[in-house]
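Quick notes on the structure that follows.
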Amino acid sequence: MKSYEVNFDGLVGPTHNYGGLSYGNVASQSNSQQSSNPREAARQGLAKMKALVDMGFQQGVLAPQERPDVAALRRLGFSGSDGDVIQRAAKESMPLLVASCSASSMWVANAATVSPSADTADGRVHFTAANLNCKYHRSIEHPTTSRVLGAMFADERHFAHHAALPAVAQFGDEGAANHTRFCRDYGEAGVEFFVYGRSAFDTRYPAPQKYPARQTLEASRAVARLHGLHDDGVVYAQQNPAVIDQGVFHNDVIAVGNGEVLFHHEDAFLNSDAVLAELRAKLASKGGRFQSIRVPRAAVTVEDAVRSYLFNSQLLTRADGSMLLVVPEECRNNERVWHYLTQLTGQNGPVAEVKVFDLKQSMQNGGGPACLRLRVALNETELAAVNPGVIMTAPLYDTLLHWVDRHYRDRMSDADLADPQLLVECRAALDELTQILKLGSVYPFQRQP
Ligand code: SUG
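Going by numbering that gives the first Met the number 0, the first residue of the sequence shown is number 0, and it counts up by one from there.
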């Protein structure tokens, strides 16, 4: 049976703004308080989805969340009508309003960890929503994420959903941003690669000094257990704490894998040689030939990687087996990175072509091409069981573009976030979106009695 990797991209929500909310994420910190353009952001994301469809890739779309999150503000003690809640939060604590307005659910690589059916004990595709509990503004995503994923992958014969892990730092889980899968073919059993930043329960593991390590070993192990993965198909690796301290807040800022290939910086992991050897041996036991493309710091420094998001690229297998690397415009603007990429594609190696996308609106918050997509490997039967409303097509692209142009503002500042009318606009937009994507009532405002 034929199998595919389907990329589900997060649709940027109408409140996209630069809140400076993510300590340890260099772009989020340095663009704090700049004015954003939600309409442009959504259009940039849609353009990438459409380009991939046009190139023949399977592509889906993941809906944004309800923001401002009035229910979250109520839990923090703001009361009155919905409009009162927003105005009181704006007056008393603007940072809390900004956090409850973040469109951060666009970075769906953090929505969940996904294990394909070929790897799991019960032969179903497993999803665990990420608790994202390192940052308040992201910790409020998972209940709606679970409902949206449930509406997209509803058929229990093929899809199993797990609630987010306990919402404490010891089980900090950032989803697929710290998870990669290697395989010979998407439909065959593969090796799932979990990268963690620290151990919560074992003090022998080193930890970063400056910035938080968002993912724990204990969280990664729990996800592997929930998904029913066998030890012979799992490799755990610790991220190099020194690179977390340089702004590598997720492993997908310094490494990306696809098929049998891992494209990574030489400083990405602790005990790199042992990690690569284990990946090679375990993939060989599944019939695959592991290949590492190790980028030396002499060619690209960690700082270059963080600035350009070279590794936050999408490594995609084309119909002829060659690979395409989808990178953000920032890679072309960095001389060393662009030079490296030019050499890489000229080598007759696995990466045959590089395609550049303008994702500046998302990039300024630390979200590149890979952050914007959740990969789900599916066989033909499973793909046919996905809610067809979320599969990207040329007509759906046109509909969504039109929807964005009608509902999104082209500028978002603190004054916009404090405007109770924004909530009314967002709810109208999302209500229409659930009809376009055939999701049913997934948002809190649609579920109130
Ligand atoms: O969690 N930025 C996100 C970026 C997530 C990128 N995802 C991956 N690497 N997979 C984060 O730090 C910034 C929001 C703000 O500052 O307004 C933010 O949440």
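C-beta: ideal position from N, C-alpha, C; glycine also. Only a predicted model underlies this, so the values are computations on that prediction, with no experimental measurement involved.
In three-state DSSP terms, what is residue i?
| i | result |
| --- | --- |
| LEU261 | strand |
| GLY388 | helix |
| THR202 | coil |
| ARG42 | helix |
| ASN378 | strand |
| PHE268 | strand |
| THR119 | strand |
| ASP184 | coil |
| THR449 | Shown here, the chain extends from 0 to 448; a query on residue 449 therefore has no answer. |
| GLY55 | coil |
| VAL60 | strand |
| GLY366 | coil |
| LEU438 | coil |
| ALA496 | Outside the displayed range of the chain (0 to 448) lies residue 496, so it cannot be described from this structure. |
| HIS249 | coil |
| GLN452 | Outside the shown range of the chain (0 to 448) lies residue 452, about which nothing can therefore be said. |
| LEU164 | coil |
| ILE139 | coil |
| LEU106 | Reading off the sequence, residue 106 comes out as Trp, not Leu. Coil at TRP106, not helix or strand. |
| GLN208 | coil |
| GLU334 | helix |
| THR433 | helix |
| THR341 | helix |
| PRO67 | coil |
Would you grab the beta carbon distance between residue i and residue j for me? Rounded to a whole angstrom, and I think it's under 8 Å.
| i | j | result |
| --- | --- | --- |
| THR195 | THR215 | At residue 195 the sequence reads Tyr, which differs from the Thr that was named. Sure, about 6 Å apart at Cβ, within 8 Å. |
| LEU358 | PRO327 | 5 Å |
| GLY246 | VAL25 | 4 Å |
| MET391 | GLY82 | Not confirmed; about 35 Å, so no contact. |
| GLY174 | HIS160 | The pair is not a contact, with the Cβ atoms about 13 Å apart (cut-off 8 Å). |
| VAL97 | GLY18 | 4 Å |
| SER35 | ASP184 | Not really, about 41 Å apart at Cβ, beyond 8 Å. |
Based on the DSSP secondary-structure assignment, which residues constitute the bridge partners of residue i?
| i | result |
| --- | --- |
| HIS125 | SER114, ALA159 |
| PHE193 | HIS178, TYR235 |
| LYS354 | VAL325 |
| VAL255 | PHE262 |
| ASN450 | The chain is shown from 0 up to 448; residue 450 falls before or after that span and cannot be answered. |
| SER3 | The amino acid at residue 3 is misidentified as Ser; the sequence shows Tyr. In DSSP, TYR3 forms a bridge with LEU377. |
| MET411 | SER35 |
| SER291 | LEU261 |
| ASP459 | Residue 459 is absent from the structure shown; the chain starts at 0 and stops at 448. |
| GLN214 | Partner(s): none; GLN214 has no beta bridge. |
| LEU315 | LEU323 |
| LEU228 | THR119 |
For residue i and chain D, any beta-carbon pair shorter than 8 Å?
| i | result |
| --- | --- |
| SER35 | In the structure shown, chain D cannot be found, because there is only a single protein chain. |
Touch test, the segment 177 to 194 against the segment 102 to 117, Cβ-Cβ under 8 Å, three pairs minimum: Short answer: they touch.
For ligand 1, enumerate in chain order all residues having a CB closer than 7 Å to any of its heavy atoms. ASN16, TYR17, GLY18, GLY19, LEU20, SER21, ASN24, SER27, SER31, SER101, SER103, TRP106, ALA108, ASN109, LYS134, HIS136, ARG137, ALA176, PHE248, HIS249, ASP251, VAL252, ASN311, ASN364, GLY365, GLY366, ALA369, CYS370
Contact between the segment 228 to 247 and the segment 294 to 313: three or more CB pairs below 8 Å? Using a C-beta cut-off of 8 Å, the segment 228 to 247 makes contact with the segment 294 to 313, since at least three inter-stretch Cβ pairs fall below that distance.
Below 8 Å, can you find three or more Cβ-Cβ pairs linking the segment 397 to 409 to the segment 6 to 18? Pairwise C-beta distances place the segment 397 to 409 in contact with the segment 6 to 18, as three or more of them are shorter than 8 Å.
With a threshold of 8 Å, are at least 3 pairs of Cβ atoms found where one atom belongs to the segment 87 to 97 and the other to the segment 63 to 73? yes
I want to know whether the segment 96 to 111 touches the segment 356 to 370 - three or more CB-CB distances under 8 Å. yes
Count the CB pairs spanning the segment 186 to 205 and the segment 119 to 133 that are closer than 8 Å, and state whether there are at least three. With a cut-off of 8 Å, the segment 119 to 133 and the segment 186 to 205 do not count as touching, because too few Cβ pairs lie within range.
Taking 8 Å as the cut-off, does the segment 319 to 335 touch the segment 343 to 356 (at least 3 CB pairs, one atom from each stretch)? They touch, by the three-pair rule.
May I ask you to verify whether the segment 435 to 444 touches the segment 137 to 153, counting CB pairs closer than 8 Å and requiring at least 3? The segment 435 to 444, when compared against the segment 137 to 153, does touch it at the 8 Å Cβ threshold.
Take every Cβ of the segment 271 to 278, pair it with every Cβ of the segment 379 to 395, and state whether three or more of those distances are shorter than 8 Å. Verdict: no, contact absent.
Closer than 8 Å is the cut-off here; do at least three beta carbon pairs connect the segment 408 to 425 with the segment 33 to 51? The segment 408 to 425, when compared against the segment 33 to 51, does touch it at the 8 Å Cβ threshold.
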